[in-house]
Each structure stands twice: as structure tokens, then as C-alpha cells.
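Participant: Read in order, the letters of the sequence shown correspond to residues 148 to 425 in my numbering.
Even for Gly, the Cβ is constructed at its ideal location relative to N, Cα and C.
Note that the structure is a prediction, hence the values are computed from the model and not measured.
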Amino acid sequence: MIIDAHNHMITGNIIKKMGYKESQMSETLKEFSRHDVKENTDFWLSEMDKYEIDKCVFMANSSLDNDFIEFINSSTRFEGFCKINPIHSDSLDKLKKEIDVGMRGVKFYATSEGFDVSSLKCYPVYEYCEKNNIPIVIHFGVTIGRNSVLQMGNPLLLSKVLKDFSNLKFVIAHFGAGFFRETLMLKYKHPNLFVDTSGTNNWLNYQDNFMNLKDVFRKTIEVYGCEGIIYGSDTRIYPDGYRKNVLDIQTKILDELGLSSSDKENIMHNNSKRIFNI
Numbered sequence: 148m149i150i151d152a153h154n155h156m157i158t159g160n161i162i163k164k165m166g167y168k169e170s171q172m173s174e175t176l177k178e179f180s181r182h183d184v185k186e187n188t189d190f191w192l193s194e195m196d197k198y199e200i201d202k203c204v205f206m207a208n209s210s211l212d213n214d215f216i217e218f219i220n221s222s223t224r225f226e227g228f229c230k231i232n233p234i235h236s237d238s239l240d241k242l243k244k245e246i247d248v249g250m251r252g253v254k255f256y257a258t259s260e261g262f263d264v265s266s267l268k269c270y271p272v273y274e275y276c277e278k279n280n281i282p283i284v285i286h287f288g289v290t291i292g293r294n295s296v297l298q299m300g301n302p303l304l305l306s307k308v309l310k311d312f313s314n315l316k317f318v319i320a321h322f323g324a325g326f327f328r329e330t331l332m333l334k335y336k337h338p339n340l341f342v343d344t345s346g347t348n349n350w351l352n353y354q355d356n357f358m359n360l361k362d363v364f365r366k367t368i369e370v371y372g373c374e375g376i377i378y379g380s381d382t383r384i385y386p387d388g389y390r391k392n393v394l395d396i397q398t399k400i401l402d403e404l405g406l407s408s409s410d411k412e413n414i415m416h417n418n419s420k421r422i423f424n425i
């Protein structure tokens, strides 16, 4: 059984809501814009059947987006995480509305939107999420975001928050996307912190010491344990379909590391089910 805990569903309406004009669109974004919610739903379910993916979790790219909400509620095999900027004054109201329409958790784009996750302005959102057992996924580190502020991408900014909200579950996406050492350090004494494996992990190109993805998995397992890691592919579906190459590479690494069946099941399924309440 496989749960892919990190993906994106993008339509033309979503791209417009993200603020892109047609002249700013890459060929990939133009391809996304050609497909509506129904086409996305059908293609996703077909690819999931093809590669035996039982359930997918999707990260929103804009807040209270009708296309995304419709998509998430179109199949019981889809789960959604809303996009919130927690320093905005209306963030808590938006979050409550998102949960009411079926969202399972929250995604922060700390680097892309250039905000400090340790700011006290974020605390009302943290308080609400802790009280209601709503997990938070955060993209720290490098990103393709046009207006990203990299100094806000350091996971260590979350250190005090993890202490202040010790019952709130946080997931750092993409192994920290370049802040790998910091992601490992942050786990110390924080059982409410987890990490996902999603994407091509090309952040490895920016490391100053030789390390490959197998090394990353080995060290992360050593620090987080097999109960603290969740699988994700970061698939966007168009134009190339599901990222089977990511699935193949990562499952091969788990095999090469000699993990037991139960440890592999934790990473590929059980952990996301437990952490994300699905």
C-alpha cells in the first residue's frame, strides 16, 4: 500500500490566482492551464491505478481556490492541504473556512512568501492547529518561487515554535530542500517534527560536500527513525504523468538500505496515515 503525501494539482484558474500572466508562463504552466478539474481528476486516478498508489495528498498553491476544493472532494483517494500565510491578519479565518470545506492540513511556503515562521503573528494559527489536531507542512530551503527570500527558508526558525506547540505536528518538506543539516539538528528533542522525501531533491546540487540521495535517506533514518519519514513524489501530473521515476528511485534506496518490510511500510504508508489523520 502506498500513500503519496506530497503532490500538486494545478489548473488555469489556479495559475491566474497565483498571479501569473500569460507572458510569464513557462511551457509547463501553459500545459497546466489547458486542463480543467475533471481532466485532472480522471488523469490522476488513472495514473494512481497504473502505479498502485492508494491515496494522494495535494498541497494547494493558492487559498480558498474553488478548483482545488472541487478536485479534493471529487474522490475519497484525494486529501488536501490548504495554503495559508500565517502572518496575514485574515489567515485564521481563511484556515477555518478551508477546514470546513474538507482540507486535512496546512501548507506554508515560508521561502516563497518570505515570512518568518517564528513570528508571534503566526501563533493564532498554531494554537488553532494544535487544538484541532491539524498538521502543518512547511517548504523551507530552495524553491522555484519568483519572490523567494532564502533567509526565511532556514528550518531552525521553527525551533521555539516546536517547544511552544509540542503537540502540533510539523512536517518539513523535501528533506529541508538544502537545509539538510539544520533539518537533522532540529529533530533533537522534538518528537512532533517529521520530514517528507518529496521531489527530485535537486537541492543536492547546492551542497558543499559530496552526498547522494541514498546518503540522505540513511542519515535521516538514523536521526528521525523510520517512524518520522513520509514518502512523497511532488508530482504535478502534466505533461508527463505520475513521477514514477521518483517512486522507483526511493523504493530502490529503501531496499538497498536493508529496511524491514514494516519499516518500508511506515515510510510509504503508515506514517502519513498517522501524521495526517487519514
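Classify residue 332 as buried or exposed, calling it buried when 16 or more other Cβ atoms lie within 10 Å of its own Cβ.
Facilitator: exposed
Participant: Are the beta-carbon atoms of residue 338 and residue 319 separated by less than 7 Å?
Facilitator: no
Participant: Can we say the segment 188-205 touches the segment 387-395, given the rule of at least three CB pairs closer than 8 Å?
Facilitator: The segment 188-205 vs the segment 387-395: in contact.
Participant: Give the DSSP bridge partners of residue 230, in chain order.
Facilitator: 254
Participant: When the Cα atoms are used, what is the spatial distance from residue 149 to residue 341?
Facilitator: 18 Å
Participant: Excluding the 5 residues flanking residue 261 on each side, which residues of the same chain have their C-beta closer than 6 Å to its C-beta?
Facilitator: 296 and 299
Participant: Consult DSSP for residue 205 and reduce its assignment to one of helix, strand or coil.
Facilitator: The answer is strand: DSSP assigns residue 205 an E or B state.
Participant: Hey, could you find the ends of the alpha helix (DSSP H) residue 107 is sitting in?
Facilitator: This structure does not reach residue 107, given that the chain is present from 148 up to 425, and the question cannot be answered.
Participant: Which residue marks the beginning of the beta strand (DSSP E) containing residue 287, and which one marks its end?
Facilitator: Counting along the chain, residue 287 falls outside any beta strand (DSSP E), and DSSP gives it neither H nor E.
Participant: Quick one, which of 366, 244 and 400 has its alpha-carbon nearest residue 327's?
Facilitator: Restricting attention to 366, 244 and 400, the CA atom closest to the CA of residue 327 is found in 366.
Participant: Within its chain, find whatever has a CB closer than 6 Å to the CB of residue 233; leave out the 5 residues flanking it on each side and keep chain order.
Facilitator: 269 and 272
Participant: If distances are taken between C-alpha atoms only, which option among 182, 349 and 211 comes closest to residue 380?
Facilitator: 349
Participant: Can you tell me which of 352, 343 and 226 puts its alpha carbon nearest to the alpha carbon of residue 287?
Facilitator: 343
Participant: Taking the alpha-carbon of residue 372 as reference, which of 412, 209, 267 and 384 has the nearest alpha-carbon?
Facilitator: 412
Participant: What is the C-beta distance between residue 251 and residue 418, in whole angstroms, given that I count them as a contact (C-beta under 8 Å)?
Facilitator: So it is not a contact: roughly 15 Å between Cβ atoms.
Participant: Can you tell me which of the three DSSP states residue 404 falls into?
Facilitator: coil
Participant: I'd like the span of the alpha helix (DSSP H) that includes residue 423, first residue to last.
Facilitator: Unbroken run through residue 423: none, as it is neither H nor E.
Participant: Between 279, 345, 154 and 416, which lies nearest to residue 243 when the distance is taken from Cα to Cα?
Facilitator: 279
Participant: Pick out whichever of 321, 275, 324 and 263 has its Cα sitting closest to the Cα of residue 307.
Facilitator: 263
Participant: Per DSSP, which residues does residue 104 bridge with? Please list them.
Facilitator: Since the first residue shown for the chain is 148 and the last is 425, residue 104 is missing from the structure and cannot be characterised.
Participant: State buried or exposed for residue 291, treating a residue as buried only when at least 16 other CB atoms are found within 10 Å of its CB.
Facilitator: exposed
Participant: From the DSSP output, in three-state form, read off residue 247 for me.
Facilitator: helix
Participant: Tell me, please, which residues DSSP counts as bridged to residue 377.
Facilitator: 343
Participant: What are the residues that DSSP puts in a beta bridge with residue 154?
Facilitator: 205 and 382
Participant: Taking the straight line between their C-alpha atoms, what separation do you get for residue 336 and residue 183?
Facilitator: Between the alpha carbons of residue 336 and residue 183 lies a gap of roughly 45 Å.
Participant: Which residue or residues does DSSP assign as beta-bridge partners of residue 225?
Facilitator: 203
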